[in-house]
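One structure is given here, and the rest of the page talks about it.
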Amino acid sequence: MIALLLSVLSSTLIFVVFKLYSKYNINTLHAIVVNYVVASTCGIVAFNKPVAVSEVIAFDWFYYAIALGILFIVVFNLMAITTQKNGLSVVSVATKMSFIVPIIFGLWYYKESLGSFKLAGILFAVVAVYLASIKSKEGITIKKENLIFPLLVFIGSGIIDTSIKYIEDAFVAVNDVPIFSATLFASAACIGFVVLAIQAIRGKFVFQFKNILGGIALGIPNYFSIYFLVQALRSNLLESSGIFTVNNVAIVMLSTLVGILLFKEKLLKKNWIGIALAIASIILVAIENYI
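Numbering (this note's numbering), first residue to last: 2 to 292.
Right under this line is the structure:
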């Protein structure tokens with residue numbers, strides 16, 4: 002329970018940091034790259050023993066972590082493109098709805114249970130995420146020619162969560178979670194530095210110290226969001242499909258409430274309905290586990 006709560010809090014802090022990026026005109030790409038360096042450093046420190054590159058490469062999960070780190074950067078760029086093409090609401094819904102992918106994977110691959118309460122909780126969660134994420138009365142509209150971008154964000158984000166579950170379950174020892182996390186973040190950082198180098202060569206890179214501060218502010222909760230999510234998945238609290246459902250709707254619910262308290266956001270009636278459904282979803286999934 003503690004690990005799940007800390008995962009939700011860490012992910013909500015990520016939301017707060019991203020909101021502050023727009024307020025202080027932080028270059029998101031530059032801060033994201035710094036964030037991966039900071040998150041990787043957190044993992045190395047938490048590993049609490051000397052780290053030799055040769056030993057890390059020898060781990061069974063090494064190449065999976067590298068691939069996952071690359072996917073982090075790819076999905077981030079897809080999110081940026083989707084925001085430009087379709088708007089922030091569309092990318093927000095596509096990202097948050099992606100929890101459906103690891104849920105389906107857990108039900109299919111791990112043969113997890115799907116009783117009536119859990120099914121209702123998952124369906125409530127899907128509706129809750131949508132309603133809580135849409136901040137305009139008109140809802141969202143997507144041009145047919147731009148549909149591919151939010152679809153790729155949805156699939157990519159879902160693959161990331163699914164891969165974390167599969168890799169940590171199949172390859173990562175309990176004590177190796179910090180160095181596994183550090184490796185995937187380091188992989189993402191390396192790709193990010195390549196992108197920044199290309200920008201520099203083209204004369205489009207402008208260094209600003211505030212972007213480093215923004216990256217540090219993001220990197221710490223980003224590391225712990227992954228670390229505590231893995232710990233929650235390894236607990237006996239819920240099956241992975243239940244963990245992903247509760248984790249995501251709780252993040253959406255808490256982020257929405259934080260938006261009201263810290264950023265004076267005004268919610269529509271459907272946003273409040275989304276919050277109510279989120280609470281109902283968590284209750285239903287919990288009931289399923291204990292009946």
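We treat Cβ as the ideally placed atom computed from N, Cα and C, and that holds for glycine.
Between the C-alpha atoms of residue 72 and residue 131 there is a straight-line separation of about 24 Å. Note on geometry: alpha-carbon atoms of residue 156 and residue 99 lie some 7 Å from one another. When DSSP states are grouped into helix, strand and coil, residue 25 belongs to the coil group. When DSSP states are grouped into helix, strand and coil, residue 160 belongs to the helix group. Residue 287 and residue 255 have their alpha carbons spaced roughly 18 Å apart. As the crow flies, the alpha-carbon of residue 224 is around 21 Å from that of residue 53.
Contact between the region 235-255 and the region 275-289 is present: 3 or more CB-CB pairs across the two stretches fall below 8 Å. Under the three-state reduction of DSSP, residue 2 is assigned to coil, being neither helix nor strand. Using a C-beta cut-off of 8 Å, the region 30-49 makes contact with the region 168-186, since at least three inter-stretch Cβ pairs fall below that distance.
Looking only at 123, 111, 31 and 39, the smallest Cα-Cα distance to residue 78 is reached by 31. In terms of CA proximity to residue 2, 233 leads the group 253, 233, 257 and 272. With a cut-off of 8 Å on Cβ pairs, the region 92-112 is in contact with the region 160-167, counting three or more such pairs. Between residue 86 and residue 172, the C-beta gap is not smaller than 7 Å, which leaves the two residues out of contact. Residue 183: member of the alpha helix (DSSP H) spanning 178-202, first to last residue. Taking residue 108 as the centre and dropping the five residues before and after it, the same chain places the C-beta of 115 and 242 closer than 7 Å to its C-beta, in chain order. Taking C-beta atoms as the reference points, residue 249 and residue 133 fail to come closer than 7 Å. Between the region 35-45 and the region 196-208 there are fewer than three C-beta pairs closer than 8 Å, too few to call the two in contact. Straight-line measurement puts the Cα of residue 136 at about 7 Å from the Cα of residue 90.
Per DSSP, residue 136 is not a residue of any alpha helix (DSSP H), being assigned neither H nor E. In this chain, the alpha helix (DSSP H) harbouring residue 275 covers 270-291. Secondary structure at residue 169: helix, using DSSP grouped into helix, strand and coil. With three or more CB-CB distances shorter than 8 Å, the region 216-230 counts as touching the region 5-17. In its chain, beyond the 5 residues on either side, 20 have a beta carbon closer than 8 Å to the beta carbon of residue 264. For residue 154, the CB contacts under 8 Å within the same chain, skipping 5 residues up- and downstream, are 76, 79, 80, 83, 92, 95, 96 and 99 in chain order. Cβ atoms of residue 17 and residue 259 come within 8 Å of each other, at about 6 Å. By the CB criterion at 7 Å, residue 164 and residue 67 fall outside the cutoff. If you check the CB distance, residue 179 and residue 14 do not come in under 7 Å.
The beta carbon of residue 245 is closer than 6 Å to those of 100, 103 and 104 in its chain, skipping five residues each way along the sequence.
The beta carbon of residue 121 sits closer than 7 Å to the beta carbons of 285 from its chain, once the five residues preceding and following it are set aside; these are given in chain order. When rounded, the separation of the alpha-carbon atoms in residue 138 and residue 146 is 24 Å.
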